[in-house]
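Novice: I have a structure here, written as structure tokens, and I will follow up with some questions on it.
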Amino acid sequence: MSYDRAITVFSPDGHLFQVEYAMEAVKRGSTAVGIRGGDCVVLAVERRAIAKLQDPRTIRKIVSIDDNAVLAFAGLTADARVLINKTRLEAQSYRLTCEDAPSVEYLARFIARTQQKYTQRGGVRPFGLATLMVGFDSGKPVLYQTDPAGTHSRWKAQVIGGRNAKSLREFLEKKYEEDMSESQCVRLCIQALLEVVDSGAKNMEVCVVRMGGGKDIMKEEDVEAVVKEIEAESEEGKRATSGDE
Amino acid sequence: MDSVLGVTYKGGVILAADQGNARSILMYQKNLDKITSLSGHTALACSGPHADVVNFSEFIAKNIKLYEFSKDGTVLSTHAQANYCRNELAKALRKGPYQVNNLLGGFDKKAGGSLYFLDYLASLQKVNFGAQGYCGHFCLSIMDRDWKEGLTKDEAVEIIKHCINEIHTRFLIAQPNFIIKNIDANGVEIVSFGEDPASA
């Protein structure tokens, strides 16, 4: 049986194609945006059109890993479930042995380590997902990203998933400011998502993570209000520029 | 030697345990909290050697927490948690047994307050009131006489205080400090303690 042979092998020019293909799987996933503010972190995910007969409440893209860590992912949902459950187990295991909560950084490192293991073992394929892990470490808001290669890094603002991740990242680079307030972060998140999703609060899920309190999923009406605000402003902007001509 | 007591009432459960940690002729500490919260609405009063008490209750608590996270916030009923404890005790029994005798109390919206008696041989029984340890010899008859359906929280606490009084009067071992906890719709809260468990 050839199942002990690695699925992820080097190509002659040094590529790990399976890992790169896994990253393609991430691009096919729905977009997730994370922005770190002065005293909060905001996560927003694209909610792809759900079938009419499906119950939308069973589709969860923003999940709690632990009391102080929240995660959003882009890519294969089934792989995500496995990885999330492994991480939840690790968090409780850490709490049992160390009598202390694991830091967000520890959990992000764990996810990255797990994702890497599956690129260097026989008979398995890499996890086809990237994650955004947010929370507070030592009182400061943090945002970590992991990818199928098994790397993890800390970001001020990041986008994963979707075909336009690169251009969205450039958008964020332009608009990001240090120490933004919660409302500014929410606004920027939604603005970024509006570039890729059809307008409407029902196509996005926004979650605010504050110091000491788990995740707070914004109500649809509140998201809708911000969407309308952004659209009104861009309308005005268009009218202003067309008026100048 | 530990005394662990529990009384159900209409709308919740009262759990009480002595706060002593002793071995042979030595009293190590008098401010122990032997009642561990397993979830927002359940607590486990555990008696036995301190090592087993801590190991068992922390292990169960973390596993229940993991279950709640994994099921996206689904809360395990008291009945389910008690059966989970029993299962873990049974698995360990013929390998490396936990020498713990427990009273698990919890509140569920449908079932109201419920109390489960678990002993170290992994037997499980739902009871209206219970005691673990020598204190049972003194207290069960008091609870037999005073407990009735539809008690209020204060009446249940009175029964517990009556029992603790009897322990102080007639039990050979001095157990000056008792911690009493209440579990109801609002969660697990401390009613009173002999010495603050948080004191160094």
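For the protein sequence lines, the chains are D and S, in the order given. Note that our numbering has the first sequence beginning at 13, numbered continuously upward. Note that our numbering has the second sequence beginning at 22, numbered continuously upward. By construction, the Cβ of each residue, glycine as well, lies at the ideal position given by its N, Cα and C atoms. Bear in mind the structure is a predicted one, so any value in this text is a computation, not a measurement.
Nearest to arginine 100/D by CA position, among Gly87/D, Leu83/D, Trp167/D, Cys110/D, is which residue?
Specialist: That would be Leu83/D, whose Cα lies nearest to the Cα of arginine 100/D.
Novice: Under three-state DSSP, which class holds lysine 92/S?
Specialist: In this structure, lysine 92/S counts as coil in the three-state DSSP scheme.
Novice: Between Lys250/D, Leu206/D, Glu190/D, which has its C-alpha nearest aspartate 51/D's C-alpha?
Specialist: If we check each option's Cα against that of aspartate 51/D, Glu190/D comes out closest.
Novice: In terms of residue numbering, what span does the beta strand (DSSP E) encompassing valine 45/D cover?
Specialist: 44-48 is the extent of the beta strand (DSSP E) around valine 45/D.
Novice: Scan the stretch 75-86 of chain S for residues whose Cβ lies nearer than 8 Å to a Cβ of chain D and list them as they occur along the chain.
Specialist: Listed in sequence order: Glu79, Phe80, Lys83, Asn84, Lys86.
Novice: Please list the residues of the stretch 95-117 of chain D that have a C-beta atom closer than 7 Å to any C-beta atom in chain S, keeping them in chain order.
Specialist: Those residues of the stretch 95-117 of chain D that come within reach of chain S (Cβ to Cβ, closer than 7 Å) are Asn97, Arg100, Leu101, Gln104, Arg107, Leu108.
Novice: Who are the neighbours of aspartate 93/S on chain D, taking C-beta pairs under 9 Å?
Specialist: Within 9 Å Cβ-Cβ: Arg72, Val75, Ser76.
Novice: Can you tell me which of Val178/S, Asp217/S, Gly133/S, Arg191/S puts its alpha carbon nearest to the alpha carbon of lysine 31/S?
Specialist: Among Val178/S, Asp217/S, Gly133/S, Arg191/S, the Cα nearest to that of lysine 31/S is on Gly133/S.
Novice: What runs of the alpha helix (DSSP H), each 4 residues or longer, lie entirely inside the stretch 169-226 of chain D?
Specialist: With a minimum length of 4 residues, the continuous alpha helix (DSSP H) runs that stay inside the stretch 169-226 of chain D are 177-187, 194-206.
Novice: Drop a sphere of 10 angstroms on the beta-carbon of histidine 62/S, count the other beta-carbons inside from all chains shown, and report buried for 16 or more, exposed for fewer.
Specialist: Buried: at least 16 other Cβ atoms inside 10 Å.
Novice: Pick out whichever of Ala142/D, Arg107/D, Tyr33/D has its Cα sitting closest to the Cα of glutamine 170/D.
Specialist: It is Ala142/D whose Cα lies nearest to the Cα of glutamine 170/D.
Novice: With a 10 Å radius around its C-beta and 16 neighbouring C-beta atoms as the bar for buried, classify glutamine 104/D as buried or exposed.
Specialist: Buried, by the Cβ-count rule.
Novice: What's the C-alpha gap between phenylalanine 77/S and lysine 202/S?
Specialist: So the two alpha carbons sit approximately 19 Å from each other.
Novice: Mind reading off the beta-carbon distance from alanine 66/S to alanine 38/S? Whole number of angstroms is fine, and I expect it under 8 Å.
Specialist: Indeed they touch by this definition, with Cβ atoms about 5 Å apart.
Novice: Find the nearest neighbour of lysine 131/S within the set His183/S, Glu187/S, Val25/S, Ser98/S, judged by alpha-carbon distance.
Specialist: Of the listed residues, the one whose Cα sits closest to lysine 131/S is Ser98/S.
Novice: Tell me where the alpha helix (DSSP H) around asparagine 97/D begins and ends.
Specialist: Per DSSP, asparagine 97/D belongs to the alpha helix (DSSP H) from 89-110.
Novice: Taking the C-alpha atoms as reference points, what is the distance between cysteine 106/S and glutamate 216/S?
Specialist: Their backbone Cα atoms lie some 28 Å apart in a straight line.
Novice: Within this structure, are the beta carbons of arginine 48/D and proline 153/D separated by less than 8 Å?
Specialist: The answer is yes: Cβ separation under 8 Å.
Novice: I need the boundaries of the alpha helix (DSSP H) containing alanine 152/S, first residue and last residue.
Specialist: Unbroken run through alanine 152/S is the beta strand (DSSP E), 150-153; no alpha helix (DSSP H).
Novice: For the candidate residues Asn176/D, Asp78/D, Pro24/D, Asp159/D, whose alpha-carbon lies nearest to that of lysine 129/D?
Specialist: Among Asn176/D, Asp78/D, Pro24/D, Asp159/D, the Cα nearest to that of lysine 129/D belongs to Asp159/D.
Novice: Check for me: the beta strand (DSSP E) holding arginine 222/S runs from which residue to which?
Specialist: Limits of chain S in this structure are 22 at one end and 221 at the other, which puts residue 222/S out of reach.
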